[in-house]
Amino acid sequence: MKQLNQILEGFGSAVQLLFQSCRYIGTLPRQRARFIEQCYLIGYTTLPIVAILCFFMGSVLALQAGYSMENFGAKQFIGSLVGLSFARELGPVIVAILVAGRVGSAITAELASMKVYQEIDALVTMNIPPARMLVLPRLAAVLVMMPVLAIIGNLIGWFGGAIVSKYVDSIGIEPEAYFAALRRFMEFKDVFTGLVKAEIFGFVVVLICCSIGLNTRGGPREIGASVTRAVVTSLIAILVLDYFVTKALM
Amino acid sequence: MPAMPSPLHRNPITSAESPAVGVTIEKLSKNFGRLQALKNVSFDVEPGEIFVLMGPSGSGKSVLLKHIVGLELPSAGRVLIEGRDATAEGTLESVRIAMVFQAGALFNSLSVYDNLALYPREHRLGTEPVIRERVMRALQILSLENSATKFPSELSGGMKKRVAIARALVMEPQLMLYDEPTSELDPVMAATISEIIATLKDEYHVTSIVVSHDRELALGIADRIGILMGGALVYLGPPADLKSPADPRLADFFHPQIDLKNPRFKNLET
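For the protein sequence lines, the chains are A and B, in the order given.
Residue numbers for the first sequence follow this note's numbering, so the first one is 1 and each next one is one higher.
Residue numbers for the second sequence follow this note's numbering, so the first one is 251 and each next one is one higher.
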């Protein structure tokens, strides 16, 4: 019962924070320096790890598919399998998980430490709403950067699959054939669906991490506990949302 | 009792005229679970007054201060600032209240200059040169001109306190709240802080509510002193009456006797 209360309380404060932030959308143009800084932190600094992970996920997917599909004489469809898997599912989910682990944890740690050391209280006494200064630029930045990261993740994942398909002897599919298969079965809707998912996952992750950070109470030890809670909650939210968003977009 | 209208006084930073404000605490109670932190506390602070709130640790002083600035919501009773409820929307917009936190609460990711410039920038109180002038004036008042580019992590405890006061001054406050402004400071710095609080009252007519354990500060600058014990207000009056209080609790608090042979500590002897 207590845990259910905590979950509902957490959900309520996240929704409340979202509405508070939306009240200040008009202030976004004059917060462009903060917005750009957050775009840099969310997008640019996450890019290398997105690239590495997507490359190897694409490679492994092609490798596994190559061995399995060979039995059915369907190796030529590896490109479409990797392409569709990445565009519809793996790309947005991997990027969202990385954003939760890398950016979300940093956001929670920063806001929780500001809360513990009374910086948030100082902002409130200065009549500067934390939702305006600390949350809104992050939410706006993640909305802009998530599709970019997802597109780059998709491209690198497809590229990883193509490399493995060409250079692993047992597969041996030329990039032209790989990408022809990818194009043949891929529609714009598949990529668009993935981008919508990435957008939703990223937005929810940043909202959860901001909310948990701003609701931290206690001393320095609670900062670590908040970060753990934020990342775990974000990961669960990504996977739960993935099911419902996929079903809704089908 | 509603605050009396006060004359306009020059602001310390911009020379603009701004009225000091009065504060009324009305039957204020606060519970944290079973703990009753404040018990039916009532008093008024007049515009331009220095009111020092004292009491042993855990007596509810800081909690009361947080109620004034709207960081805590009362369990019962209310706080009025110029007749307006402190928790009502718009009160913080209409009255400039600055709070100096015990640990400074400086923004660690910003330089001293940016810490001070944050308020005027966020509230668009002028162009960058105007804000710069305002910030530098506040830094000058606190003798911090050479620390403008430093970050809070590079400052000593005393300097952090001074920066926190400078940041409060930049807000051109009508009401200043201080939470233990002289704790962790050496006597010279503590005296400087006391002088700053007194100057803000004498020259700029800023209303000040100071939470402190510092007896010297309280007796030196307070117009009136309130003493909280166990969440209840046990004394409210001028500092002169505390020099030889009749109430033994106040006498113990204000003039503690040091007993070097206290039997409680006998087992500490080697």
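Beta carbons are placed, not taken as given, at the ideal position from N, Cα and C, and that holds for glycine.
Of all residues in the stretch 346 to 357 of chain B, those with a C-beta nearer than 9 Å to a C-beta of chain A are Arg346, Ile347, Ala348, Met349, Phe351, Gln352, Ala353, Gly354, Ala355, Leu356 and Phe357, reading in chain order.
Taking a 10 Å sphere around the C-beta of Ile25(A), we find fewer than 16 other C-beta atoms and assign the residue as exposed. DSSP places Arg474(B) in the uninterrupted beta strand (DSSP E) bounded by Arg474 to Met479. Straight-line spacing of the CA atoms in Arg417(B) and Asn215(A) works out to 25 Å. The beta carbons of Glu422(B) and Arg374(B) sit no closer together than 7 Å. For Pro488(B), the three-state secondary structure derived from DSSP is coil. In the DSSP assignment, Val227(A) falls within the alpha helix (DSSP H) that extends over Pro220 to Leu249.
In this structure, the straight-line span from the alpha carbon of Tyr117(A) to that of Thr125(A) is close to 14 Å. Against chain A, the beta carbon of Val319(B) has neighbours under 9 Å at Asp121, Val124 and Thr125, listed in chain order.
As the crow flies, the alpha-carbon of Gly172(A) is around 6 Å from that of Ser165(A). Per DSSP, reduced to three states, the secondary structure at Pro370(B) is helical. If you draw a 10 Å sphere on the C-beta of Ala367(B), you find 16 or more other C-beta atoms in it, and that means buried. Per DSSP, the unbroken alpha helix (DSSP H) holding Lys197(A) starts and ends at Phe188 to Leu214.
Nearest C-alpha to Leu81(A) among Ala181(A), Cys54(A), Ile36(A) and Thr27(A): Ala181(A). For Leu425(B), the secondary structure class from DSSP, reduced to helix, strand or coil, is strand.
Counting only runs that start and end inside the stretch 91 to 136 of chain A, the alpha helix (DSSP H) elements of at least 4 residues fall at 91 to 98, 105 to 116 and 119 to 125. If you check the CB distance, Ser211(A) and Leu17(A) come in under 7 Å. Distance check between Tyr178(A) and each of Trp158(A), Leu195(A) and Ala96(A) places Trp158(A) closest, using alpha-carbon atoms only.
Taking a Cβ-Cβ threshold of 9 Å, none of the residues of chain B is close to Tyr24(A); the smallest such distance is about 11 Å. Relative to Val302(B), the option among Leu469(B), Ser279(B) and Asp502(B) whose CA is nearest is Leu469(B). Contact residues of the stretch 125 to 154 of chain A toward chain B are Thr125, Met126, Asn127, Ile128 and Met133 (C-beta to C-beta distance below 8 Å). Per DSSP, the unbroken alpha helix (DSSP H) holding Ile443(B) starts and ends at Pro437 to Tyr454. The Cβ atoms of Ala150(A) and Ala198(A) sit closer than 7 Å to each other.
Under DSSP, Gln286(B) forms a beta bridge with Asn281(B). Counting other Cβ atoms within 10 Å of its Cβ, Gln424(B) reaches 16 or more and is therefore classed as buried.
When CB distances to chain A are screened at a threshold of 9 Å, the residues of the stretch 369 to 384 of chain B falling below it are Tyr369, Glu372, His373 and Arg374, in chain order. Distances from the CA of Phe56(A) to each of Ala33(A), Phe201(A) and Leu90(A) were compared; the closest alpha carbon is that of Leu90(A).
Using a Cβ distance threshold of 7 Å, Ala87(A) and Gly194(A) count as a contacting pair. For Gln118(A), the closest Cβ of chain B is nearer than 7 Å. Each of Asp464(B), Glu434(B) and Asp473(B) was checked against the Cα of Asp452(B), and the nearest Cα belongs to Asp473(B). The C-alpha of Phe503(B) is placed about 46 Å away from the C-alpha of Ala14(A). With its beta carbon at least 7 Å from every one in chain A, Leu469(B) lies outside the interface. By the criterion of a C-beta distance shorter than 6 Å, Leu500(B) is surrounded in its chain by Tyr485, once the five residues flanking it on both sides are discounted.
The straight-line gap separating the alpha-carbon atoms of Ile391(B) and Ser361(B) is approximately 18 Å.
Thr399(B) counts as exposed, since fewer than 16 other beta carbons sit within 10 angstroms of its beta carbon.
For Val232(A) and Ile156(A), the gap between their C-alpha atoms comes out near 27 Å.
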